[in-house]
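Per my numbering, the very first residue in the sequence shown carries number 24; after that it's consecutive. We put the CB at the ideal spot given by N, CA and C, even for glycine. First up is the structure itself, then whatever we jot down about it.
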Amino acid sequence: MKKQFDCSIGEPWSSAVRALEAYTGEMRGAPVHDIARICNKHGPLMVGITKRLPKRTTPRIFQGGGTTNLPYTAPELAQVLLKALEKSCRTEVQLAPVELLETTAQFASLVSSELAVCQLAELLDEAVNEQASFLEELAVADSSERINAHLHHLTEVMKSFSSELTYLYPEWHALLHHTLFLKKVGLLTLHSSAFVSKMLSNHDPLLSPITRLAVTGEALGRAAKACNEKAISLMRFDSGFDTVKRPTALREKKSMIGLLGTMQPGSNNLLMPSEARRRKRIDQKLARRRVLGGGANSSDEDIQKEKGVIEQQYAAHAQCTKCQNIYRDDSVYCRMCGQKRPDPPFASQLHVKNAGPPPLKTFGRDVGSVEEEQQDKDFINSILGPRDAEGGGDNE
């Protein structure tokens with residue numbers, strides 16, 4: 024037989040139930056970037072309803088006549104982690120890096136709203152109604168699931184942010200503090216999950232999300248630690264390379280990795296002089312092509328206007344503008360009205376077309392090839408040191 028619940032809870036309990044259902048329903052299908060708006064909308068409403076609900080006045084008495092202030096019910100146990108995170112998350116919103124500020128603000132709003140849910144569910148547990156007690160257990164379990172999902176989202180954000188981190192990042196100290204904060208969040212989540220799991224029974228709906236919360240917190244701690252270590256390794260580019268010991272022996276062999284390790288990125292040019300001149304010629308050639316093709320400093324309107332002028336010249340060369348007679352290929356005047364036929368477009372460039380392509384040009388091996396080779400050798404010696412007559416002392 025299906026169990027029937029009495030829906031006549033009465034105020035203010037019915038308002039609390041409606042508030043929980045509205046918040047849960049809107050959060051169920053909300054995207055991650057819209058969480059803060061929903062939390063800021065429903066959080067103050069649930070806090071206001073919590074203030075109107077009656078509070079427990081008698082303490083819990085255990086065996087032996089002693090009282091306790093430790094959390095005992097599921098809503099109280101779920102608040103262990105949220106109370107520890109609420110104030111620190113609000114503070115971190117002001118200290119987080121700019122790229123991670125929005126994500127931190129969403130997490131802070133979610134923690135504050137879920138804390139209001141658990142506090143409302145704790146007071147709803149005092150209602151003498153089976154439906155109210157059933158709803159508060161589901162509300163607390165859903166709250167832990169949302170915290171679990173958002174911690175997983177933070178883990179993926181940190182992994183993606185770490186993969187794109189370079190030595191050009193400007194906010195090193197803020198990033199280091201933020202990674203330490205996330206490491207502490209993961210550690211606190213892990214310990215809270217271990218504590219709450221021991222206090223719950225095997226049939227409690229809160230047991231499953233709380234148990235999985237330990238795995239999520241551990242993954243968040245690992246991602247924050249990896250980002251912290253990468254940030255520390257990249258910060259050496261900002262500290263300078265003056266303290267790096269350079270080899271003094273002239274004939275000491277240097278690997279390419281060792282050579283790059285002694286140079287500051289962006290301040291040294293490792294291109295051979297001949298290669299630098301070749302790239303400069305290519306850039307000049309491409310610039311001329313862009314200018315001739317109308318691609319440099321030309322808007323779409325200018326290009327369309329030039330195309331329209333060229334099309335009008337082609338039409339005037341093919342058909343008489345006075346009597347609309349079609350010119351023959353060898354016509355100079357119109358055979359109907361005698362009007363002179365205009366010159367074809369690009370007539371000034373026909374002699375260049377008829378002359379054929381220009382002769383091929385070779386660079387680097389004809390004129391000045393000996394000088395370029397000597398310049399390349401001098402460039403290599405300036406980096407690797409002089410390498411003259413290796414082994415010559417053995418023959419003397």
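Using DSSP with H/G/I as helix, E/B as strand and the rest coil, what is residue i?
{"i": "residue 310", "result": "helix"}
{"i": "residue 342", "result": "strand"}
{"i": "residue 46", "result": "helix"}
{"i": "residue 337", "result": "helix"}
{"i": "residue 303", "result": "helix"}
{"i": "residue 26", "result": "Residue confidence for residue 26 is low, a pLDDT of 38 falling below 50, so the modelled location carries little weight and cannot support an answer."}
{"i": "residue 403", "result": "helix"}
For residue i, which of the options has the nearest alpha-carbon?
{"i": "residue 404", "options": "295, 223 and 333", "result": "295"}
{"i": "residue 35", "options": "168, 77 and 254", "result": "77"}
{"i": "residue 63", "options": "349, 130 and 308", "result": "130"}
{"i": "residue 213", "options": "398, 99, 108 and 325", "result": "108"}
{"i": "residue 229", "options": "98, 44, 374 and 74", "result": "98"}
{"i": "residue 40", "options": "160, 208, 334 and 102", "result": "160"}
{"i": "residue 46", "options": "235, 325, 396 and 68", "result": "68"}
{"i": "residue 342", "options": "350, 192 and 96", "result": "350"}
{"i": "residue 222", "options": "325, 123 and 96", "result": "96"}
{"i": "residue 251", "options": "195, 340 and 311", "result": "195"}
{"i": "residue 339", "options": "311, 235 and 363", "result": "363"}
{"i": "residue 190", "options": "374, 310, 379 and 256", "result": "256"}
{"i": "residue 142", "options": "366, 203 and 66", "result": "66"}
{"i": "residue 332", "options": "171, 313, 310 and 367", "result": "367"}
{"i": "residue 232", "options": "246, 375, 182 and 101", "result": "101"}
{"i": "residue 238", "options": "358, 309, 178 and 193", "result": "178"}
{"i": "residue 49", "options": "61, 314, 56 and 217", "result": "61"}
{"i": "residue 370", "options": "337, 361, 401 and 187", "result": "337"}
{"i": "residue 134", "options": "158, 54, 168 and 122", "result": "168"}
{"i": "residue 170", "options": "188, 124, 70 and 55", "result": "55"}
{"i": "residue 187", "options": "249, 347, 74 and 400", "result": "249"}
From what residue to what residue does the alpha helix (DSSP H) around residue i run?
{"i": "residue 99", "result": "97-118"}
{"i": "residue 67", "result": "58-75"}
{"i": "residue 130", "result": "124-147"}
{"i": "residue 375", "result": "373-378"}
Please tell me whether residue i and residue j are closer than 9 Å, where the distance is taken between their beta carbons.
{"i": "residue 104", "j": "residue 243", "result": "no"}
{"i": "residue 58", "j": "residue 132", "result": "yes"}
{"i": "residue 137", "j": "residue 166", "result": "yes"}
{"i": "residue 116", "j": "residue 128", "result": "yes"}
{"i": "residue 254", "j": "residue 205", "result": "no"}
{"i": "residue 162", "j": "residue 147", "result": "yes"}
{"i": "residue 126", "j": "residue 180", "result": "yes"}
{"i": "residue 182", "j": "residue 246", "result": "yes"}
{"i": "residue 216", "j": "residue 234", "result": "yes"}
{"i": "residue 184", "j": "residue 122", "result": "yes"}
{"i": "residue 398", "j": "residue 297", "result": "yes"}
{"i": "residue 395", "j": "residue 302", "result": "no"}
{"i": "residue 75", "j": "residue 38", "result": "yes"}
Cβ of residue i within 8 Å of any heavy atom in the ligand MN?
{"i": "residue 399", "result": "Of ligands this structure carries none, so the ligand MN is not represented either."}
For chain B, is any of its Cβ atoms less than 9 Å away from the one on residue i?
{"i": "residue 130", "result": "Absent from the structure is chain B; it holds one protein chain and no more."}
Legend entry - Continuous alpha helix (DSSP H) assignments of at least 4 residues falling wholly in the region 180-229: Considered as a whole, the region 180-229 harbours 195-222 as its complete alpha helix (DSSP H) runs of no fewer than 4 residues, in chain order.
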